[in-house]
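52 is the number of the first residue of the sequence shown in this note's numbering; add one for each residue after it. Here is the structure we will look at, set down as C-alpha cells.
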Amino acid sequence: MIHNTSAMKKPSQLVTSSVFIGRSLLHSLRNTEALMMAIMLPIMLMLLFTYVFGGALDPGGNYVNYVVPGIILLCAGFGSSSTAVDVSTDMTNGIIDRFQTLPIRSIHVITGHVVSSLIRNLVATVIVIGIALLVGFRTNAGLAAWTGAVGMIALFILAFTWLFAAIGLVAKTPAAASGYGFALLFLPYLSSAFVPTSTMPIWLQGVANHQPITPVIETIRALLTGSPVHTEIWWALGWCVLILAVSMVWSAWSFRRKAGRR
C-alpha cells in the first residue's frame, strides 16, 4: 500500500520543541560524568572557600553567606558551557542533514539544547543551595525575594546558555567549542563572587565592577540576605537581556549560515 507522504500533517512548534528538549535531556542523563562534574565542582569550591579560606576572608564566620550567590552562578556557568559542545557536536556529526529532510524547522535542535540546559541548571541550583544550607548558609529572604532571586538566576542561565549555543555554532569542532566556552568561565573569578571588588587592585576593580557577572551576583546576594537592592538589579537585568538578545540573533544567523552550506 502506497501512502501519500505529501499529505502528512506537519507537527506543531510545541510538539517539535518538546521532542528536541526531551532528546537533549536524555543525552544529559546518559552523559552522567559531565552532569555530575558540573554540579560537584562548584560544591567543592564552596566547601574549599568556606572551610579553608573562609576564616581568613571573614573571621566572623559568615563567609558562606557571602560566597553562595557566586557559587550558584559558577554552577550555572559550568552547566551552561556544555551547551556549546552539544551544539557543535550536532552541527558536525551530520544529524542536522537528517533533520532537514523532515517537515520541521531544524533550529528547534538549538532551542531544545537551550531549554534542557535551563532545566538542568535550575535542578543543579537547587542541589547547590541544599548543600549550602547544610554547611551553614542562612537566608532572611521571604517569598518575594526568593522569587526574584530564582527569576534572576533563570534569566542569567537562559542568557548565557544562548551565548554558549552561539559559540557552539561558530566553533569548527566540539573541542574548540569547549575551549571557547571555558574562557568565559573565568568571569566569575574576576567579580565579587569570592571577595568584594573593593579589595582588588584599582585597575582590576574597573574590570570587576563593569562586567556582567558582578551586578547579577550582587542582586542575588541582596535578595537572599534580605539586604536592600540598589541599582545593581537594573544593571543585572540590562546585561542579561542584552546578552540574550545578541546571542539569539547571533545563533539564528550562524545556524542559517552553517546549516545552509551543508
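Every residue, glycine too, gets a C-beta built ideally from N, C-alpha and C.
### Backbone secondary structure at G257 - three-state DSSP
Reading the sequence shown from its first residue, position 206 is the one you call residue 257. G257: helix per DSSP, three-state reduction.
Tell me the DSSP secondary structure of N116 in three-state form.
Start at 1 with the first residue of the sequence shown, and residue 116 comes out as number 65. Note: N116 maps to helix in three-state DSSP.
> To the nearest whole angstrom, what separates the beta carbons of S242 and I271, a pair I think is in contact under 8 Å?
Replying inline: Locating residue 242 in the sequence shown gives position 191, where the first residue counts as 1. Locating residue 271 in the sequence shown gives position 220, where the first residue counts as 1. Incorrect: roughly 12 Å between the Cβ atoms, too far for contact.
Secondary structure of I318, DSSP reduced to three states: Limits of the chain in this structure are 52 at one end and 313 at the other, which puts residue 318 out of reach.
How far does the alpha helix (DSSP H) with P263 in it reach, from first residue to last? For the purposes of this step, residue 263 is taken as residue 212 along the sequence shown, with counting starting at 1. Premise fails: P263 is in no alpha helix (DSSP H) and is neither H nor E.
*Excluding sequence positions up to five away, which residues of its chain have a Cβ less than 7 Å from the Cβ of V300?*
In the sequence shown, counting from the first residue as 1, residue 300 sits at position 249. There are no such residues.
_Quick check: the Cα distance between I218 and L236, rounded to an integer number of angstroms?_
Residue numbering aside, residue 218 sits at position 167 when the sequence shown is read from its first letter. Residue numbering aside, residue 236 sits at position 185 when the sequence shown is read from its first letter. Straight-line Cα distance between these residues: approximately 13 Å.
Spatial neighbours of S302 in its chain, beta-carbon cut-off 7 Å, leaving aside the 5 residues before and after
Taking the first residue of the sequence shown as position 1, residue 302 is located at position 251. Answer for S302: I161, W213, A216, A217, L220, listed in chain order.
Collapsed DSSP secondary structure at S278 in the structure displayed
Along the sequence shown, read from residue 1 onward, the residue named residue 278 stands at position 227. The answer is coil: DSSP assigns S278 none of H, G, I, E or B.
**Request:** Could you tell me how far apart the beta carbons of L125 and P239 are, in whole angstroms, since I believe they sit closer than 8 Å?
**Result:** Translated into the one-based positions of the sequence shown, residue 125 becomes position 74. Translated into the one-based positions of the sequence shown, residue 239 becomes position 188. 5 Å between Cβ atoms; contact.
Quick check: what's the CA-CA separation for T198 versus A205? Along the sequence shown, one-based indexing puts residue 198 at 147. Along the sequence shown, one-based indexing puts residue 205 at 154. Computed Cα separation, rounded: 10 Å.
| S242 in three-state terms, based on DSSP | Here the question's residue 242 lines up with position 191 in the sequence shown. Looking at S242 - three-state DSSP - the assignment turns out to be coil, as it is neither helix nor strand.
**Q.** V166, enclosing alpha helix (DSSP H) - first and last residue
**A.** Taking the first residue of the sequence shown as position 1, residue 166 is located at position 115. Segment 159-185, the alpha helix (DSSP H) holding V166.
Item checked: Where A296 sits in the DSSP three-state scheme -> Reading the sequence shown from its first residue, position 245 is the one you call residue 296. A296: helix per DSSP, three-state reduction.
- Query: What's the C-alpha gap between R307 and A222?
  - Reply: Position 256 of the sequence shown holds residue 307. Position 171 of the sequence shown holds residue 222. Answer to the nearest angstrom: the Cα atoms are 15 Å apart.
Closest to A85 by CA distance: which of L76, R74, G130 is it? The count along the sequence shown starts at 1 and reaches residue 85 at position 34. The residue with the shortest Cα to Cα distance from A85 is G130.
Given a threshold of 16 other Cβ atoms within 10 Å of its Cβ, counted over all protein chains shown, does R171 qualify as buried or as exposed? Within the sequence shown, the letter at position 120 stands for residue 171. The residue is buried, with at least 16 neighbouring Cβ atoms inside 10 Å.
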